[in-house]
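In what follows, a single structure is set out as structure tokens and then discussed.
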């Protein structure tokens, strides 16, 4: 049986849901779906008992040797769904398996065609990311924790802002923080993953389909803008009000599995197990170990998985963590830390909270646009990535809306430079002795001078991969005024000594003595025949 | 049977060995031993076959409910030994167990008396160390990799230097690096743990007692100077010459167990599984996992265990690692990194290689005394520790000898300040926003200004644990000229606002505008009654 409440949700959100089906690709009836798009099997069946708890439903999708078996889920109102993100083009067949007689042994097929979809984002080249089709993906994220719980008008404003903004990843909460307006406001019926009628009465044994229809629509709308969703499953911000941060392990495990069943087929999902994990007082790292492993087991596509820390830092070395999602401001205030994190974790490093541009009374939201931009550059020349946030009067990090800060435009400028850089991403080159440069040894160097005000750069590079006769051009970059000024001369590598090598004429590049300057140096012309000087290939040298 | 070679060793080193027995505490015959001293059971038996491989020998030591079962070892020349470091005073009994009939079922007793021995060093207060008797131990280490393989005259010079130096820990290799003089020199018979007669002929199935007698004597001589030995079991510096870095897993495991059987009863041993681990090309982190677990299993006393990295950084979160022994120079060049490492590992952080004071052609040995001292201070005000090294003409880090640098005296000055500080050790207080201070919130603050040249310090402290009316005194510290100048005024805490609180009269401390200055601020007088302002107790604040 379904509660009157769920029926009411279903009626209320039928239009949105219809939209979702269209948006998410062909429904079960349809036969053609784009590669990495979404195919959905829709089944009708009795709903005796509590299908949110009792249901076992999977479908096996086959094409030649390829086999995927996503879990299905109950969507309320006698409707059951299994979602599939086809990873290759061609003919796929499917068969369902269920403990529910109405749902078992159904079968069908679909035709998957190549389209414009680049596929989900994966780790690539150890410290970087790429879409499944190989297209590099450089995360330039922003933070809009509560945007999915705002009015439709506010959401549209946020989407319009993101369409023009430089951000390609959004960190957002799956469960709202405790704020009275979410339980008392007009959108209360779509705010909570569990069925509830008041702040003291949530039924953690029943999911709320209307909430999921709304969230799925928002995830899809971000996908249409090319934005990855860093979806945060658990959060501490409950102030003891709704019990969402003190649910039992059984409820938590069921929640994680249900989220995976509903969202894993979305191409743009990243799993963030928690925000500020250590502030969820009743969950230990061992609890999160289990929830990570549930995501890993039930997500057939291996979407990215991480967790965001507060004081206690989760061990990102654990095998189910795909990348680092760090909150440690010091790591982007100074040069040289991101390279260390790369060597510790040998995974991509994303500084997902580096303080926000803003005028908040809280000191985590008091950065100038200059300082937030500077921290982005420090992260990038460390071979890492960073995430934006803003807390000016607009409260962007909470509700979204419009951006009022000065950093987004400069972050967009940085993004263009990085995307025009080495395909393999920026890597530290000699990070223990040249802390402010990254690139690709022998080919590309990006120096950043932070708030120093250098007036000259003697053309000297770390020796790695350099050989006599190599030629380089340089561009002077003003990261704040967003200008790129080519240096007229071409520079030529002399005889490499042990560590660093200068231009044959010891030329010096004049710099304007302003802060926030950068220098881009790229190889030009033919590769000379002479063998490269290899030492020091290692980060440090043997000592004895 | 024993080889003629071993007999020769035994004859040659009988005097040293006698010395060792005296030095290490009473032999089996004796009845009384100091708490945390060494008791040794000496047994005679046939040596058919290869007792280095075939022997099973342990002794069970009992006192009431206390039970220890160290492994014994074959010492050549028909002599077998079991060593015990008694952890409590009183009457202990022992019985031996062996697959060797001559050695099985022996028994005896010993009387353990309290003495001046503080016991082995353990982790204390999460990020710090203390002796087993509770006395805090602050590691101020130095590096003398090859000292134990030098002439006796050179060793005595090293010991005389250490007697006057400020260092209480020495990093040293258990196996020498490949250098011709070690295999060709007069001391060749005591240089190698395995029996060998030339550089191409080591028998990895037989240990070399003369080597162990010599190394044990040196470990004991450091113990007599109150110096902990950070003993490095594996190292990459073999240049493909002796095969010591390509031995089989079976040989490596046997070597680790034999080292533990011989050295675990030394009060001053720390286990360092490797130096620059990733340069031992044929050993993976998984290999080191196994060797760590062997040490953990067979060392009855749980001496400290770590491993020292080169490029690839071992996961110090693993449960058998007791502390971090890091080589990452950037981490001590700038403020704010050690606190992050503390939060990542929740173990003591020891920066065991931060580059050396010296004039080496290699850039890891080109620091000024000023810069090495500065890096020590940066480490300590990050709540971590650091290790010294010197490569002036004397080549201290290799052979020991005498010290010629300017940093040791300043490191000794720093050590005195730290040892006079909070018993629980220095901890970051507000490390994401006040990166250059550590101490104990509400009681003790140590600010370090690095190479800045401040002329004033407005008396403002992070609010944590402060309450209105608290009074503080201050000392201006010149870390280079080693002076401590008390500030005449007493400062008084005003009404704490959200983050930081000033002196009631907004007093400012005048500073001399020189580099390498520090400021020590300590609470004086009675504790006021008013409740402390708690926020922000957490490192970061909740954001939503």
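Residue numbers (the numbering used here), protein chains in the order written: chain A, 14 to 557; chain B, 14 to 557.
Backbone N, C-alpha and C fix where the C-beta goes; we use that ideal spot for every residue, glycine too.
Values in this document were obtained by computation on a predicted structure and should not be read as measured data.
Cβ neighbours of residue 425/B within its own chain (closer than 6 Å, five residues either side excluded): 179. In the three-state reduction of the DSSP assignment, residue 151/A falls in the coil class, being assigned neither a helical nor a strand state. Comparing C-alpha distances from residue 376/A to each of 364/A, 355/A and 403/A shows the shortest one belongs to 403/A. In the three-state DSSP reduction, residue 269/A falls in the helix class (H, G or I). Of all residues in the stretch 328 to 361 of chain A, the ones placed with a Cβ closer than 8 Å to any Cβ belonging to chain B are 328, 330, 340, 341, 342, 343, 344, 346, 347, 348, 349, 350, 352, 353, 356, 357 and 359, in chain order. Note on residue 184/A: 16 or more other CB atoms within 10 angstroms of its CB, so buried under the neighbour-count rule. When Cβ-Cβ separations below 9 Å define contact, residue 453/B makes no contact with chain A. Residue-level contact by beta carbon holds for residue 444/B and chain A, with a gap shorter than 9 Å.
Here the alpha carbon of residue 145/B sits roughly 32 Å from the alpha carbon of residue 116/B. Chain-order list of chain B residues neighbouring residue 325/A: 356 and 359, by C-beta distance under 8 Å.
In this structure, DSSP gives residue 72/B an extended state, which the three-state scheme calls strand. Excluding sequence positions up to five before and after residue 62/A, its CB lies less than 6 Å from no other CB in the same chain. With contact defined as three or more Cβ pairs closer than 8 Å, the stretch 527 to 538 of chain A and the stretch 484 to 501 of chain A are in contact.
Annotation for residue 432/B: 149 and 151 place their beta carbon closer than 8 Å to its own, counting only its chain and skipping 5 residues before and after.
When the beta-carbon positions are compared, residue 305/A and residue 317/A stay at least 9 Å from each other.
At a C-beta separation below 7 Å, residue 448/B has these neighbours in chain A: 343. Listed along chain B are 376, each with a C-beta nearer than 7 Å to that of residue 512/A. The way I'd put it, the stretch 67 to 77 of chain A does touch the stretch 107 to 115 of chain A; three or more beta-carbon pairs between them come closer than 8 Å. Secondary structure of residue 357/A (DSSP, three-state): helix. Fully contained in the stretch 422 to 500 of chain A are the following beta strand (DSSP E) runs of length 3 or more, in chain order: 450 to 453, 457 to 461, 469 to 471, 473 to 475, 484 to 491 and 496 to 499.
Relative to the Cα of residue 174/A, the nearest Cα in the group 162/A, 157/A, 188/A and 187/A belongs to 157/A. The beta-carbon of residue 460/A is placed no less than 9 Å from the nearest beta-carbon of chain B. Within chain A, no residue has its beta carbon less than 7 Å from that of residue 224/B; the closest one is some 18 Å off. Here residue 104/A has 76, 122 and 124 as same chain residues with Cβ atoms under 7 Å from its own Cβ, once five neighbours each way along the sequence are excluded.
For residue 304/B, no Cβ of chain A is located within less than 9 Å of the residue's own Cβ.
For residue 271/A, there are no neighbours in chain B by C-beta distance under 8 Å, as the nearest C-beta there is about 23 Å away. Here DSSP, grouped into helix, strand and coil, assigns residue 226/A to helix. In this structure residue 282/A is in contact with residue 244/A, their Cβ atoms being roughly 6 Å apart against a cut-off of 8 Å.
Between the beta-carbon of residue 524/B and that of residue 467/B there is about 5 Å, and that keeps the pair under the 8 Å contact cut. Using a CB distance below 8 Å, no part of the stretch 389 to 406 of chain A faces chain B. Taking a Cβ-Cβ cut-off of 7 Å, the neighbours of residue 292/B in chain A comprise 555, given in sequence order. Within the stretch 166 to 211 of chain A, the runs of beta strand (DSSP E) that reach at least 3 residues and sit entirely inside it are, in chain order, 182 to 186 and 207 to 211.
Of 526/B, 219/B and 464/B, the smallest CA-CA separation from residue 66/B is found for 219/B.
Rounded to whole angstroms, residue 482/A and residue 514/A show a C-alpha spacing of 11 Å.
Excluding residues up to 5 positions away in sequence, 206, 248 and 257 lie with their Cβ nearer than 7 Å to the Cβ of residue 188/A in the same chain. By the CB criterion at 9 Å, residue 308/B and residue 284/B fall inside the cutoff.
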